[in-house]
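Participant:
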Amino acid sequence: MRSHLFSCVKVPNPIKLKLYTAEELKCKKGVSTASVASSSTNADNKSSYSESCSSVVCVDHKDRETPTVLKTSSSSIGSFVDVMKTSDQEQLTISLARAIYNSNTPLSIVENEHWKLYFKELRPSFVLPSQFLLSNRLLEDEYVKVKALVEEKVSLADNLALQCDGWSNLRNEGVEYIIITTSNPVFIKSVLTKTESNTAVYFKGILLNILEKYEPSKFMAVVTDNAKNMQKSTKLSQRKYPHLISYGCIAHTLHFIYKDILKLKSVDKIIDSTKMQSRPEPIAKFYMQQ
62 MRSHLFSCVK
72 VPNPIKLKLY
82 TAEELKCKKG
92 VSTASVASSS
102 TNADNKSSYS
112 ESCSSVVCVD
122 HKDRETPTVL
132 KTSSSSIGSF
142 VDVMKTSDQE
152 QLTISLARAI
162 YNSNTPLSIV
172 ENEHWKLYFK
182 ELRPSFVLPS
192 QFLLSNRLLE
202 DEYVKVKALV
212 EEKVSLADNL
222 ALQCDGWSNL
232 RNEGVEYIII
242 TTSNPVFIKS
252 VLTKTESNTA
262 VYFKGILLNI
272 LEKYEPSKFM
282 AVVTDNAKNM
292 QKSTKLSQRK
302 YPHLISYGCI
312 AHTLHFIYKD
322 ILKLKSVDKI
332 IDSTKMQSRP
342 EPIAKFYMQQ
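For reference, each letter of the sequence shown is one residue, going 62 to 351 in this note's numbering.
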């Protein structure tokens, strides 16, 4: 074991020094690393001396008893411990928070014992953020960053389109979602209608607020769902900004068309016929009989 510790380059010099015997510490004046290395070919009783002096150079002082150990390139004990800089800890925390927000992962993931164990094995020095930190400071910081990116993207675009759609959330509260289309759509805000009456005048106010915040002249069109109050709100907005083009959501329109088609008796017969047969021939036979 002693021989292994002397030969291992990762064992710090202070530890090797403690393994020397009193005789080995009494190095003669002028002994160099080269002469010590050459002494390895001597008798067996001098082999331990060669091992002990292979990584150090002894310099005589007046008392010729206390050697000075020159530093070598061997690693210190700190290289065996996982240490993380404060800046790295902060950056990893931000990256983890962004991944959690972007994937709609529950914030409680950082309290799960299995995830804690995983991160401990992956990077022992990394300290997981608490659920409180994820739901407060980190969330606010990420919101500010994303909002700044959205504002910059919208301000740099020459042509814009406004999209507006509403539905109820899990608490059965009315929510209106606002999206602005540049080269790509970006989410702007959501508005809780709460106790407000969902009238055309109310929604016109929401639309005009967004249009005037981002320069009305940049907007070419306003797209809403096909609800009567929404269609009327766009017409009211066009009175103030006549250059706007207004139309309903095409996907929403197709959805209603398909629902009406499925109500036709002829289509209903086709559906019933295909349900009874697993092969496509009955469909052709059905049309031949018409």
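All C-beta atoms in this analysis are idealised placements derived from N, C-alpha and C, irrespective of residue type, glycine included.
Where do the ends of the beta strand (DSSP E) carrying Val252 lie?
Facilitator: Taken as a continuous stretch (DSSP letters only), the beta strand (DSSP E) holding Val252 covers 246-253.
Participant: Distance, Cα to Cα, Glu112 vs Lys146?
Facilitator: Its pLDDT being 45, under 50, Glu112 is placed unreliably by the model, and nothing is read from it.
Participant: Is it the case that the Cβ atoms of Asp219 and Glu237 are separated by a distance below 9 Å?
Facilitator: No; because the gap between Cβ atoms is not below 9 Å, this pair is not in contact.
Participant: What's the call for Leu199, buried or exposed, on a 16-neighbour Cβ count within 10 Å?
Facilitator: Buried is the call here.
Participant: By the three-class DSSP mapping on this structure, what secondary structure does Ala218 have?
Facilitator: Here Ala218 sits in coil by DSSP.
Participant: Would Ser196 be called buried (16 or more neighbouring beta carbons within 10 Å of its own) or exposed?
Facilitator: It counts as exposed.
Participant: Applying the 10 Å Cβ sphere with the 16-neighbour rule, what's the burial state of Pro190?
Facilitator: It is buried - the Cβ of Pro190 has at least 16 other Cβ atoms within 10 Å.
Participant: Is Gly309 near Asp286, with beta carbons less than 9 Å apart?
Facilitator: Yes; because the gap between Cβ atoms is below 9 Å, this pair is in contact.
Participant: What are the boundary residues of the alpha helix (DSSP H) that includes Val262?
Facilitator: Note, Val262: alpha helix (DSSP H), 261-274.
Participant: Along the chain, where does the beta strand (DSSP E) containing Asn242 start, and where does it finish?
Facilitator: Note on identity: in this sequence residue 242 is Thr, with Asn being the wrong assignment. Note, Thr242: beta strand (DSSP E), 235-242.
Participant: Quick check on Asp143: does DSSP put it in helix, strand or coil?
Facilitator: Of the three classes helix, strand and coil, the one that applies to Asp143 here is coil, per DSSP.
Participant: Label Leu157 either buried or exposed according to how many other C-beta atoms from any shown protein chain fall within 10 Å of its C-beta, with 16 as the threshold for buried.
Facilitator: Leu157 comes out buried.
Participant: What number of angstroms, rounded off, separates the C-alpha of Thr256 from the C-alpha of Glu151?
Facilitator: Cα to Cα, the separation comes out at about 42 Å.
Participant: Could you tell me how far apart the beta carbons of Lys279 and Leu221 are, in whole angstroms, since I believe they sit closer than 8 Å?
Facilitator: Their Cβ separation, rounded to whole angstroms, is 5 Å, which keeps Lys279 and Leu221 in contact under 8 Å.
Participant: Using a threshold of 9 Å, state whether the C-beta atoms of Met281 and Leu305 are closer than that.
Facilitator: Their beta carbons are under 9 Å apart, which means Met281 touches Leu305 by this criterion.
Participant: Could you check if Lys289 is buried or exposed, using at least 16 other CB atoms within 10 Å of its CB as the buried criterion?
Facilitator: By the neighbour-count rule (16 or more Cβ atoms within 10 Å), Lys289 is not buried but exposed.
Participant: Just mark Val205 as buried or exposed, buried being the case when its beta carbon has 16 or more other beta carbons within 10 Å.
Facilitator: Looking at its Cβ environment, which holds fewer than 16 other Cβ atoms inside 10 Å, Val205 is exposed.
Participant: Locate the alpha helix (DSSP H) running through Ile360, then write down its first and last residues.
Facilitator: No answer is possible for residue 360: the residues shown for the chain start at 62 and end at 351.
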